[in-house]
Structure formats: structure tokens, C-alpha cells
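A.B. asks: Going by the working numbering, the first residue of the sequence shown is number 12, and it counts up by one from there. Just so it is clear, CB atoms sit at the ideal spot from N, CA and C, and this is done for glycine as well. The model shown is predicted, which means the values in this text are computed figures rather than measured ones. Next up is a structure, given as C-alpha cells.
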Amino acid sequence: MEHRILMVDDSEEMHELYKKIIETMNAKNFGMQFKLDHCFQGEVGVLKVRESYRNKEPYSLVIMDIRMPPGMDGIQTIKHIREEYPQTEFIVCTAFQQYSWEDYLEIFGPTDKILFINKPYNKTTMKQLTLYVCSKAS
């Protein structure tokens with residue numbers, strides 16, 4: 012099964028890093044393949060997720076940064092996506108510690124649809140989280 016993943020991050024470097032992780036995972040035989048799409052702003056992320064559902068090819072996973080100036084931040088982007096598509100799975104990756112885990116819990120409530128990780132992230136951890144989330148969609 013091919014899993015579609017959307018990365019929403021304003022850092023070109025983070026896109027390249029995760030692309031290499033996905034290429035490595037695709038080279039292994041996990042019984043699933045991954046297709047990575049990219050965007051650099053939250054507004055575009057909302058549109059891409061909406062389009063994926065409209066085309067009946069939803070993303071198995073959205074990797075979301077929090078700070079993406081000058082546009083909508085990751086918190087607002089997730090809120091907009093979850094209003095229309097509450098089943099969407101997220102891994103939130105951020106280098107800025109403006110929100111604590113308790114803040115995320117207060118903002119989104121208890122959910123198994125949003126996982127949080129700090130940048131810089133460990134490649135093995137991202138591989139494991141990607142497999143975990145995409146396995147839920149299988």
C-alpha cells in the first residue's frame with residue numbers, strides 16, 4: 012500500500028531531511044511505500060489536504076511545523092484541517108518551545124491523532140513514528 016504524506020514546513024532543509032528518510036524507508040521492504048508531497052505554508056497545507064480528500068486520496072500523515080512566517084502557523088493550520096477532516100493524523104515538529112505538551116493538550120484536547128516531537132529530530136524516531144501512524148491507516 013502506498014501512503015501519501017504531506018510535509019508542511021517553511022524550512023527547505025527539513026523537507027530534504029525527511030525526503031531522505033522516506034527514500035530510505037522506501038528502499039526497505041516494510042510492506043508499504045510512501046509518497047511525499049511538500050508545501051511551505053499553512054494555508055497551502057489546508058488546500059492540499061482538502062484537495063486530497065476531494066480526490067479520494069487522503070494523506071495518511073501530515074508532518075506539521077509550528078512557526079511558518081509570514082502566514083498561518085501550524086496550530087491554526089491543524090485547527091482548520093481538523094474542522095473539516097478530524098480523522099487526519101499529524102506529527103507536529105518544531106524547534107521552538109513556545110508551547111508545552113500541556114498547551115497542546117489544552118488546545119487540541121486528548122487525541123491520538125496528533126503526536127509531538129522536537130527538532131532536530133532523531134531519524135530513527137521519525138521512521139518509527141511514520142510507520143506507526145501509517146500502519147493505523149492501513
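Which value, in whole angstroms, describes the spacing of the CA atoms of residue 48 and residue 113?
C.D. replies: By 1-based counting over the sequence shown, the position of residue 48 is 37. By 1-based counting over the sequence shown, the position of residue 113 is 102. Across the structure, residue 48 and residue 113 are spaced so that their CA atoms are roughly 30 Å apart.
A.B. asks: Measuring only the C-alpha atoms, how far is residue 133 from residue 26?
C.D. replies: By one-based count along the sequence shown, residue 133 stands at place 122. By one-based count along the sequence shown, residue 26 stands at place 15. Residue 133 and residue 26: Cα-Cα distance of roughly 15 Å.
A.B. asks: Under the rule that 16 or more other beta-carbon atoms within 10 Å means buried, what is residue 111, buried or exposed?
C.D. replies: In the sequence shown, counting from the first residue as 1, residue 111 sits at position 100. Exposed, since its Cβ has fewer than 16 Cβ neighbours within 10 Å.
A.B. asks: Is residue 101 buried or exposed, if buried means 16 or more other CB atoms sit within 10 Å of its CB?
C.D. replies: If you number the sequence shown from 1, residue 101 lands on position 90. When all chains shown are included, residue 101 counts as buried.
A.B. asks: Within its chain, find whatever has a CB closer than 6 Å to the CB of residue 21; leave out the 5 residues flanking it on each side and keep chain order.
C.D. replies: As a working note, residue 21 is residue 10 in the sequence shown. Only 51, 79 meet the Cβ criterion.
A.B. asks: Would you be able to state if there are at least three C-beta pairs under 8 Å between the stretch 128-144 and the stretch 26-39?
C.D. replies: yes
A.B. asks: Would you mind reading off the limits of the beta strand (DSSP E) that contains residue 129?
C.D. replies: What you label residue 129 is simply residue 118 of the sequence shown in a count that begins at 1. From DSSP, the beta strand (DSSP E) with residue 129 extends over 125-129.
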